[in-house]
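Residues 165 to 457 (my numbering) make up the sequence shown, in order. Following: one structure in structure tokens, then a few remarks.
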Amino acid sequence: MKTIKGLIAAGLAETEATRRIRRDEVTRRVYDEHPELKEIDSRIIDIRKDRLIAVIDHDERLEKRYEIEEESLFSQRERILRDNGIDPDFDSEKPICQKCNDTGFVKGKDGTPRVCSCKQSELEECFDSCGLGDYTSFTMKNYRDDYLGDADSRSKIKKQMLRVMLGMEDTSSTPLWLYSGAPQTGKTYLAVCITKTAISLGKSAYYTKCENLAQLEEDTIDAIKHIDFLLIDDFADDVTLHDDIGTVLNNVLEVRNASGLCTVLVSALPAPELVRGCDMRVSGKLGRAGKIA
Ligand SMILES: [Zn+2]
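The following block contains the structure:
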């Protein structure tokens with residue numbers, strides 16, 4: 165799996181190179197159009213070198229002469245820039261994205277950083293590698309509280325899920341949470357959107373169906389033990405009894421709980437039934453889990 169911070173950092177060298185190439189192109193164009201400016205700029209560079217030597221050599225007379233000459237070149241330069249309407253910073257590197265200054269993150273209204281819109285393709289790539297590849301059309305914007313009626317309770321659950329993901333809910337006992345809801349009530353849609361939101365806020369996060377835990381690569385299993393947020397969907401007691409899933413899940417939860425990392429299990433079954441029927445090791449942890457409802 166890839167994290168959004170990792171993907172953005174990986175693109176940094178390319179962004180820097182692009183910035184440099186753009187600056188060089190603009191500089192070359194301006195010099196082509198105004199050769200006298202190019203002449204002045206190269207003269208300024210030469211004079212600075214000569215002046216440095218004069219300073220080291222303690223030749224104050226020569227130093228003063230270079231200083232005066234440099235000032236005169238600067239005023240000629242400014243006049244050319246002004247008369248031709250040339251950007252005075254034409255030869256400096258400029259950020260490709262003005263919104264985030266190429267950091268990849270902007271501050272939201274509430275002050276928390278989130279991924280900048282210029283990193284949309286990095287976000288898509290991250291979603292893809294974090295178990296969300298099959299849910300490209302699921303977005304928080306399209307999550308409707310009034311879908312299937314009962315808007316109040318859907319809105320309440322959505323807000324609580326967000327608080328849990330952001331670490332705002334009381335986790336004095338355990339960072340493990342269980343959301344039990346009736347079948348066909350949009351649980352997967354919400355689970356996917358919460359995971360995507362976590363990633364959009366710069367967190368490392370992963371979404372998986374419980375039954376798929378058995379098929380995950382070993383390095384993915386290792387990674388999900390340490391990421392900021394893990395969502396396990398379609399959690400059911402009998403699933404934990406097959407394919408070694410009970411062992412994998414127990415190991416993952418063991419590490420995550422010890423590090424205080426938030427995990428949400430989403431299930432269509434009520435908590436008491438899950439606690440009763442689960443793999444015993446998982447069941448012990450589930451009994452102490454916070455409830456979302
Ligand atoms: Zn940006």
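For glycine and all other residues, C-beta sits at the position ideal for the given N, C-alpha and C.
- Checking the DSSP bridge columns, you'll see residue 396 partnered with 372 and 429.
- Here DSSP, grouped into helix, strand and coil, assigns residue 447 to helix.
- Below 8 Å, enough C-beta pairs join the stretch 277-296 and the stretch 256-269 to call them touching: three or more.
- By the C-beta criterion, the stretch 215-227 is judged not to be in contact with the stretch 241-248, since fewer than 3 inter-stretch pairs fall below 8 Å.
- Per DSSP, residue 230 has no beta-bridge partner at all.
- For residue 256, no alpha helix (DSSP H) segment is defined, and its DSSP state is neither H nor E.
- Here DSSP, grouped into helix, strand and coil, assigns residue 344 to strand.
- Counting only the Cα atoms, residue 189 lies some 52 Å from residue 319.
- Contact residues of ligand 1 (beta-carbon closer than 6 Å to any heavy atom; chain order) are 261, 263, 264, 280 and 282.
- Membership of residue 410 in the alpha helix (DSSP H) is indicated by the continuous run 409-422.
- A residue is called buried once 16 or more other Cβ atoms fall within 10 Å of its Cβ, and residue 312, having fewer, is exposed.
- In the structure shown, residue 277 falls within a strand segment according to DSSP collapsed to helix, strand and coil.
- Within the same chain, and ignoring the five residues on either side of residue 263 in sequence, the residues whose Cβ sits closer than 8 Å to its Cβ are 270, 280, 281 and 282.
- In the DSSP assignment, residue 271 is bridged to 277.
- By a beta-carbon distance limit of 8 Å, residue 372 does not contact residue 409. Their separation comes to about 11 Å.
- For residue 393, the CB contacts under 6 Å within the same chain, skipping 5 residues up- and downstream, are 329, 362, 367, 369 and 426 in chain order.
- 8 Å or more divides the Cβ of residue 304 from the Cβ of residue 351.
- The beta carbons of residue 401 and residue 441 sit about 3 Å from each other, so the pair counts as a contact at 8 Å.
- According to DSSP, residue 454 shares a beta bridge with 341.
- Residue 287 and residue 300 have their alpha carbons spaced roughly 11 Å apart.
- Scanning its chain for C-beta atoms nearer than 7 Å, with the 5 sequence neighbours on each side dropped, one finds around residue 202 the residues 195, in chain order.
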